[in-house]
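Peer 1: Numbering (my numbering), first residue to last: 2 to 255.
For every residue, glycine included, the Cβ atom is placed at its ideal position computed from N, Cα and C.
Please find one structure pasted underneath; my questions will follow.
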């Protein structure tokens, strides 16, 4: 059976993702237990694994409830951040990989939003679980790392194929899109995407996951290295990290 990936809205604007390979189920992040349990029960799925991207409460608070509902599940997270995470059954770090069913799952360090934030990449599924690193038309605030570190983390995603699906952690896309238009108001692909996003949200449809090709074409945080973006900011002589920092600082005040 083909692998199915289910988007599960949680809290006010969080997402968890359930990955089901026809036999086993993994969930990426646990913002709260009840909607995850309900979604899995609706499909008759159990829960075997939870993969945690970072320590923030809105990504881990549901873990105790999931452990209660599904005894014996395996929790995976960054070993380097184990002192800030719930108890881990499997500790992984940057460059590690593990298997889920027949799929390889790669672990990438994408620090910036937090130190030791990880992303989980499933190349065969063309899926990237990015949480609060790369987001739909945005990126997470730089709370713990540096701007240079966050820019370096985001650049890693540029090497993935355009048809990769990006599973990020929050429904921030409409605000992100409105901000992106302040950076590249003449980007016609961006303008068209924002219209689609506004229509989706008017119908209360999720805008996550997103397509990586769309992110490369419209997400200003992935585009700080491009001449057109530097020109728009009058930063033609600045290095890429400085341009990213300017964009992130503007978004913080948006």
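Along the alpha helix (DSSP H) that carries residue 248, what are the first and last residues, could you check?
Peer 2: Your numbering for residue 248 matches position 247 in the chain shown. It spans 241-253 - the alpha helix (DSSP H) in which residue 248 sits, taken as one unbroken run.
Peer 1: For residue 158, count neighbouring Cβ atoms within 10 angstroms of its own Cβ and tell me buried if that reaches 16, exposed if not.
Peer 2: Taking the first residue of the chain shown as 1, we reach residue 158 at position 157. By the neighbour-count rule (16 or more Cβ atoms within 10 Å), residue 158 is buried.
Peer 1: Taking just the CA atoms, how far does residue 69 sit from residue 224?
Peer 2: What you label residue 224 is simply residue 223 of the chain shown in a count that begins at 1. What you label residue 69 is simply residue 68 of the chain shown in a count that begins at 1. Answer to the nearest angstrom: the Cα atoms are 43 angstroms apart.
Peer 1: Residue 109 by DSSP, collapsed to three states: which one?
Peer 2: Taking the chain shown and counting its residues from 1, the one referred to as residue 109 is at position 108. Reduced to three states, the DSSP call for residue 109 is strand.
Peer 1: Considering Cα atoms alone, identify which of 197, 190 and 208 is closest to residue 217.
Peer 2: Taking the first residue of the chain shown as 1, we reach residue 217 at position 216. For the residues 197, 190 and 208, the minimum Cα distance to residue 217 belongs to 190.
Peer 1: Only counting runs of 3 or more residues, tell me where the beta strand (DSSP E) segments fall wholly within the region 47-75, in order along the chain.
Peer 2: Qualifying beta strand (DSSP E) stretches, in chain order: 50-52.
Peer 1: With DSSP as the reference, please indicate the residues paired to residue 135 in a beta bridge.
Peer 2: Taking the chain shown and counting its residues from 1, the one referred to as residue 135 is at position 134. In DSSP, residue 135 forms a bridge with 140.
Peer 1: Run through DSSP, which three-state label would residue 235 get?
Peer 2: Residue mapping note: residue 235 aligns to position 234 of the chain shown, counting from 1. Three-state DSSP puts residue 235 in coil, outside helix and strand.
Peer 1: How far does the beta strand (DSSP E) with residue 119 in it reach, from first residue to last?
Peer 2: In the chain shown, residue 119 corresponds to position 118, counting from 1. Run containing residue 119: 119-123, per the beta strand (DSSP E) assignment.
Peer 1: What's the gap between the Cα of residue 342 and the Cα of residue 219?
Peer 2: Past the edges of the chain, shown from 2 to 255, lies residue 342, and the structure says nothing about it.
Peer 1: I need the straight-line Cα distance from residue 207 to residue 172, nearest angstrom please.
Peer 2: Reading the chain shown from its first residue, position 206 is the one you call residue 207. Reading the chain shown from its first residue, position 171 is the one you call residue 172. Roughly 7 angstroms separates the two Cα atoms.
Peer 1: Specify the secondary structure class of residue 185 as computed by DSSP and reduced to three states.
Peer 2: The count along the chain shown starts at 1 and reaches residue 185 at position 184. Residue state, collapsed to three classes: coil.
Peer 1: Please report how far the alpha carbon of residue 22 lies from the alpha carbon of residue 37, in whole angstroms.
Peer 2: Residue mapping note: residue 22 aligns to position 21 of the chain shown, counting from 1. Residue mapping note: residue 37 aligns to position 36 of the chain shown, counting from 1. Approximately 17 angstroms, taken between the alpha carbons.
Peer 1: Tell whether a beta-carbon distance below 8 angstroms holds between residue 118 and residue 111.
Peer 2: Position 117 of the chain shown, counted from the first residue, corresponds to residue 118. Position 110 of the chain shown, counted from the first residue, corresponds to residue 111. Yes, they are a contact pair.
Peer 1: Leaving aside the five residues before and after residue 201 along the sequence, list all residues of the same chain whose C-beta is less than 8 angstroms from its C-beta, in chain order.
Peer 2: Here residue 201 is taken as the residue at index 200 of the chain shown, counted from 1. Cβ neighbours of residue 201 beyond the five flanking positions: 207 and 208.
Peer 1: Go through its chain and collect everything with a Cβ distance to residue 254's Cβ below 7 angstroms, but skip five positions before and after it.
Peer 2: Stepping through the chain shown from its first residue, residue 254 is reached at position 253. So no residue of the chain qualifies.
Peer 1: Under the three-state reduction of DSSP, which class applies to residue 116: helix, strand or coil?
Peer 2: As a first step, residue 116 is located in the chain shown; it is residue number 115 there, counting from the start. Correct three-state label for residue 116: coil.
Peer 1: For residue 78, which residues in the same chain have their Cβ closer than 6 angstroms to its Cβ, ignoring the five residues on either side in sequence?
Peer 2: Residue numbering aside, residue 78 sits at position 77 when the chain shown is read from its first letter. These residues qualify, in order along the chain: 53, 86 and 89.
Peer 1: DSSP three-state label for residue 43, please.
Peer 2: On the chain shown, position 42 is the one that residue 43 refers to. Helix at residue 43.
Peer 1: With H, G and I counted as helix, E and B as strand and the rest as coil, what does DSSP make of residue 7?
Peer 2: Within the chain shown, numbered from 1, the residue matching residue 7 stands at position 6. Here residue 7 sits in strand by DSSP.
Peer 1: Apart from the five residues on each side of it in sequence, which residues of its chain come closer than 7 angstroms, Cβ to Cβ, to residue 74?
Peer 2: Here residue 74 refers to the residue found at position 73 of the chain shown. Hits under 7 angstroms: 48, 49, 50, 51, 67 and 68.
Peer 1: So, for residue 175: in the same chain, excluding its five sequence neighbours on each side, which residues have a beta-carbon less than 6 angstroms away from its beta-carbon?
Peer 2: Here residue 175 refers to the residue found at position 174 of the chain shown. Within the same chain, residue 175 has close Cβ partners 198 and 202.
Peer 1: Can the beta-carbon of residue 123 be found closer than 8 angstroms to that of residue 106?
Peer 2: Residue 123 sits at position 122 when you count from the first residue of the chain shown. Residue 106 sits at position 105 when you count from the first residue of the chain shown. Yes, the Cβ-Cβ distance between residue 123 and residue 106 is below 8 angstroms.
Peer 1: Taking Cβ positions, are residue 146 and residue 116 nearer each other than 8 angstroms?
Peer 2: Residue 146 sits at position 145 when you count from the first residue of the chain shown. Residue 116 sits at position 115 when you count from the first residue of the chain shown. Closer than 8 angstroms, so yes.
Peer 1: Less than 8 angstroms separating the beta-carbons of residue 114 and residue 141?
Peer 2: Numbered from 1 along the chain shown, position 113 holds the residue referred to as residue 114. Numbered from 1 along the chain shown, position 140 holds the residue referred to as residue 141. Yes. Within cutoff.
Peer 1: Quick one, which of 4, 120 and 192 has its alpha-carbon nearest residue 94's?
Peer 2: Taking the first residue of the chain shown as 1, we reach residue 94 at position 93. Ranking 4, 120 and 192 by Cα distance to residue 94 puts 120 first.
Peer 1: Once you ignore the five residues that flank residue 26 on each side, which residues in its own chain have a CB closer than 8 angstroms to its CB?
Peer 2: Residue mapping note: residue 26 aligns to position 25 of the chain shown, counting from 1. Closer than 8 angstroms at Cβ, skipping near neighbours: 19, 20, 41, 46, 47, 48, 49 and 50.
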